[in-house]
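Residue numbers (my numbering), protein chains in the order written: chain E, 19 to 373; chain R, 56 to 489; chain C, -19 to 162.
Every residue gets a Cβ at the ideal spot worked out from N, C-alpha and C, and that includes glycine.
Predicted model, so just to flag it, every value in this text is computed and none were measured.
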Amino acid sequence: DQLRYAIGWPPGALPTEAIGAYAGAVEEASGGDVTVKVFPLSLLNFLESTSGVRDGIADMTTVLTPYFLSEFPATNFATELASLSELVEGDADRMAFAFSGAIMEYVLFNCGDCVNEFAAQNHVYTAGAGTPPYMLQCTKPVVTAEDLKGTRIRTPGAFWSRWIEAMGAIPVSISVNETFEALNQGVIDCSASSASELTNFSFIDVVTDITTNLPGSSFVSALTNVNKDTWRGLDDAGRTALLKGSAVGAADMNYAYFNEARDNIAKAKEKGITFREADASLRAESVEWINKDIDDLVGIYADRGVANGEAGAAKIRELMTKWVSLVKDVQSAEELADLYWTEVLSKVDVTTYGQ
Amino acid sequence: MDDIGIGLSGLGLLFVLIALRVPIGVALIGVSFGGLYVLLGWRVAWGALAVMPYQFSANWVLSSVPMFLLLGFICYHAELTQGMFRAARVWTSALPGGLAIAAVFGSAGFAAVCGSSVACAAAMGRIAVPEMMRARYNAELATGTVAVAGTIGALIPPSIILILYGVIAQVSVPQLFLGGITAGLISAIGYCLVILVRVKINPDLAPVGERASWAERITALKDTWPILVVMIGIFGGLFSGAFTPTEAGAIGAFLSCLVGLARRTLTWRRFRLAVEETMITTAALIVIGVGATLLTRFLTLSGAGDYLSDSIIGLSANPAMILLGIILVYLILGMFLEPIGAMLLTMPIVLPIVQDLDWSLLWFGIVLTKLLEIGMVTPPIGMNIFVIKGVVGSIATTTQIFRGVLWFILMDLLVLAVLAIWPEITLFLPEIMN
Amino acid sequence: MKFFQRVLEPLVSGMGLIGIICVTLMMLHITFDVVLRFVFNAPIRGTITIVSHYYMVILGFCSLAVAESRDAHVSVEVFTELMPRNVQNGLAAMAAFLAAIVFGFVTVRTWLEALHKFDISAAIQQGSLTIPVWPSYFALPVGCGLMAVTALWRAWAISRGAKSTFGPDLNGELGAEELPNG
Ligand code: NA
Ligand code: NA
């Protein structure tokens, strides 16, 4: 079967290449029985992704679940806990590897509500992946709590908005496309962004100071959701091939982001951008707030119908700790893909899951 | 029939329906829906109708369209535009064909608050043509000048065409606006040259007027303040990055209301008229836009889009020849189609070509706009010509206006060639402002 | 059918009124947002979402029937103008009928989607603010439905050779011509 993969990123973008790797892996694992044609940006944009795959316009897509608050509350509760990367011990740059593994394991094996909410949209969840950590990319130094007060910061999502407000700064909601101009003209002082944006949106040409350990966390998507009818229409071997593809796609995307972040930071240093860490008291204040925020999230999401938030948060914390040690020595995308496959995706029972 | 065949048949049917006077948006939605049904079945076709209409319209960048439309209609109905022409008139009074040149500069000034070429032509036509007729100008020259000068309205920002292009091609609207300034000014200068040369050759076309004194010139400038206030408000904010296009449009509309109230030219009736025109134009755009996004999906899923783009690229190894081909196609389409319809119909096929050939999307947007605007004054369907005909009544026939425009079209083709051959001219302002 | 027209006209005027309110509110809301942002460093929260998901959607779809009632949807007349009068009328009636069918489909589909969004109380997060957006989904079936009905009425009126447009003649006073886009 030729399956259609619609993706909201443009051709040539890093995630689009990762989906290319996904397509290759699916084809290989199925011995050519299942092929995937990728449509970058031409078939569904991100806002159309959920209903587009629901109605079969495409067989597969990447869903940025935070855009679909009401459709996927249980999953979004889990994605917001990407802020755990600031609380567990380990290599900050590899936290996205760990969180991707943790959230896959959580959604697939520990969160019936997550699976059900995807099923309600006629989707089958098969993988997650996250961005590198979010940093403060600024046109002025931000080191102390005092520096943050009244600073105007572009916010990429809910977690960061709450953090910015809690630190006495001012969140500004503008699209990432408008951020360069806003930084350039002093409309905002900082953007909370990952290292990718330094080159993808040219922030490297306007930013002068980067604070690396604030605010943290990452943006996590449901990387390779499959239309439920398509999934059911495949035989066990076909479904297994898709899951193998998911392991490769998730690993490829995480690793490509990881490499890009490292390159971009090197480029930025070469350009004379100053890298700093927040002073100890500000960092402590941030960590303390994140701890409290996780408790608050349980309440926020209870209002959105997510039960047992406390148990869920504890489970994700436990999985995160486990995954941090699993990924600490990973040296290549292949190793990471093997890890996602053996630790999580190979354990999915393709005869029952998503049926 | 294979999938590509279904896609191409769908396109064929689309053009037949449009030729039979079916509204473009209705034809687009109907054909795409039917085509998706034939191609992939009921569920996909039915599903596409669910999302695209809402997602297309619930768009922050697109919401600048009604705001800029409102701005233009208010400036027009509240008569904030007349001072512009009067000032231009006294300043160009010493030149041969001074009144016609003033109409060109008046249009360029009004273009800075008006998003569309038709509105711009109508506004200047009503003010400038009677003055030129009083000064015994040749009717063809007078009407042709305002018809063609109106097209500057879609090049100099704000511009509805450029906003729509930006939304669909994912190009920054302020950057497109900067590119449009250069193209608009070059066009204006080109039109002035045509007037100068024609009047030099045949002075009977435009009797020499009275030369205005410096005192008169200074006085006339004072009357340009309404537009200047609005203009500075919009562009200051927009190009400094302080406002987004939507914000610039809303603030511009708000300022124009204030100025209209201060000058006591904005009545409740006129405000309602401006809003109603804004609504009708927005609705018409949204229907076509929703249809065009559906068509994009249909062409993508059938493979006909790729097939057509690849065939066009395959025609020649020389990108310059492909560009020439694209230009010819748009000149022909422009003869018959309304510009926004023509743009949205063709973008699913043309944009992939532009991307494949690694052309600048920004530059192409400006060239495309210039092409579409030439279509506004070419026979048999030239919206600007019809509007001027409506304004001037029995002064000139439609044919006479088309004849008056002919000279300017030659200049337009020259300007087009300049923009197409040297992209750096278009890209200069966007680059230095970055 | 005369009765039909008497019911239709006030409904379309009602839509026109909603549109006028929408455009005006949109202009004021955005302007005040910018002013508050610059003067007090305190923008109105949620403006982007409200503008794009409420004003834009309601304005766009509620204006559909208004545009149809003025025959203002963009079409190409150049080829049909060469045909005899009665053929022209036949084609115009068919075009209006086709518009009614197409928008009939869109109405039913967007109605079902609106019910779905209502069921899940669809909302959008802007910053730390959660803004419900499901109500605006109902603007689509309402606007498209009235558009379909208006087109149906026009098809009937054209085929009868009766006057097929209506609406306040605001243009009359200023003698202005229609100002389409471009
Ligand atoms: Na303009
Ligand atoms: Na034309």
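Residues of its chain near residue i, where Cβ-Cβ distance is below 6 Å and the 5 sequence neighbours each way are ignored
i: A45 of chain C; result: V(-8), M(-5), L126, M127, T130
i: Y92 of chain R; result: A100
i: V86 of chain R; result: G65, L68, L69
i: L412 of chain R; result: P374
i: P220 of chain R; result: Looking at the sequence shown, residue 220 of chain R is not Pro but Tyr. The answer, listed in chain order, is G420.
Collapsed DSSP secondary structure at residue i in the structure displayed
i: Y23 of chain E; result: strand
i: G146 of chain E; result: strand
i: R98 of chain R; result: helix
i: L474 of chain R; result: helix
i: H53 of chain C; result: coil
i: T360 of chain E; result: helix
i: I308 of chain E; result: helix
i: V238 of chain E; result: strand
i: T258 of chain E; result: helix
i: T93 of chain E; result: helix
i: R294 of chain E; result: strand
i: R319 of chain R; result: coil
i: G155 of chain C; result: Because the pLDDT of G155 of chain C is 39, which lies under 50, any placement of that residue in the model is unreliable, and the question is left without a value.
i: D253 of chain E; result: coil
i: D227 of chain E; result: strand
i: P258 of chain R; result: helix
i: M63 of chain C; result: coil
Within chain E, partners of residue i - CB distance below 9 Å
i: S116 of chain C; result: Here the premise fails: no neighbours, minimum Cβ distance about 14 Å.
i: S32 of chain C; result: Those within 9 Å of S32 of chain C in chain E number zero; the least Cβ separation is about 11 Å.
i: A475 of chain R; result: Chain E residues near A475 of chain R: none, gap ~25 Å exceeds 9 Å.
i: T301 of chain R; result: By Cβ distance, chain E contributes nothing, its closest Cβ being about 11 Å from T301 of chain R, past 9 Å.
i: A119 of chain C; result: Within 9 Å Cβ-Cβ: nothing; A119 of chain C doesn't reach chain E, min ~17 Å.
7 Å Cβ cut-off: residues of chain R touching residue i
i: V52 of chain C; result: Before going further, note that residue 52 of chain C is Ala rather than Val in the sequence given. Simply I335, A339.
i: D254 of chain E; result: Those within 7 Å of D254 of chain E in chain R number zero; the least Cβ separation is about 25 Å.
i: A47 of chain C; result: I335, A338, A339
i: E(-11) of chain C; result: By Cβ distance, chain R contributes nothing, its closest Cβ being about 15 Å from E(-11) of chain C, past 7 Å.
i: F85 of chain C; result: F88, L104
Opposing strand residues paired with residue i [DSSP bridges]
i: N243 of chain E; result: E:T79
i: I104 of chain C; result: C:I111
i: K55 of chain E; result: E:R22
i: A210 of chain E; result: E:L154
i: P233 of chain E; result: E:M153
i: T401 of chain R; result: None; T401 of chain R has no bridge partner.
i: H141 of chain E; result: E:N245
i: I38 of chain C; result: Paired residue(s): none; I38 of chain C is not in a bridge.
i: I171 of chain E; result: E:P189, E:C208
Beta-carbon contacts of residue i that lie in its chain and below 7 Å, excluding the five residues immediately before and after
i: S49 of chain C; result: V(-8), T130, T145, F146, G147
i: V362 of chain E; result: G119, M122, E123, L126
i: A274 of chain E; result: L32, E35, A36
i: G155 of chain C; result: Per-residue confidence for G155 of chain C stands at a pLDDT of 39, beneath the threshold of 50, marking its modelled position as unreliable; the derived number appears in the next sentence. Counting only Cβ-Cβ distances below 7 Å, and skipping sequence neighbours, we find nothing.
i: M338 of chain E; result: L102, V106, A116, F117, A120
i: P121 of chain C; result: T87, T90, W91, A94
i: W359 of chain E; result: K262, A265
i: F177 of chain E; result: E98, S101, S235
Contact list for residue i against chain R, beta-carbon separation under 8 Å
i: E93 of chain C; result: A105, V106, Y109
i: G(-6) of chain C; result: Neighbours of G(-6) of chain C on chain R: none; closest Cβ ~13 Å, over 8 Å.
Per-residue contacts from residue i into chain R (C-beta, under 9 Å)
i: A22 of chain C; result: Ordered by position in chain R, no residue passes the 9 Å Cβ test against A22 of chain C, which lies about 16 Å from the chain.
i: A72 of chain C; result: R76
i: A79 of chain C; result: V77, P78, G80, V81, G85
Neighbour list for residue i in chain E, Cβ cutoff strictly below 7 Å
i: G107 of chain C; result: T173, S179, P189, S191
Sequence-distant residues of the same chain with beta carbon closer than 8 Å to residue i, five excluded per side
i: V305 of chain E; result: E104, L105
i: L370 of chain R; result: M376, I377, G380
Per-residue contacts from residue i into chain C (C-beta, under 8 Å)
i: W101 of chain R; result: R89
i: M122 of chain R; result: M6, M7, I10
Q. Listed from N- to C-terminal order along the chain, which residues in the segment 189 to 218 of chain E have their beta-carbon within a distance smaller than 8 Å of any beta-carbon of chain B?
A. Of the protein chains in the structure, E, R and C, none is chain B.
Q | Start-end ranges of the beta strand (DSSP E) lying completely within the segment 314 to 342 of chain E, minimum 3 residues | A | none
Q | Uninterrupted alpha helix (DSSP H) stretches inside the segment 182 to 206 of chain E (no shorter than 4 residues) | A | 194 to 202
Q. Of all the alpha helix (DSSP H) runs that stay within the bounds of the segment 305 to 378 of chain R, which reach a length of 4 or more residues?
A. 323 to 357, 359 to 369
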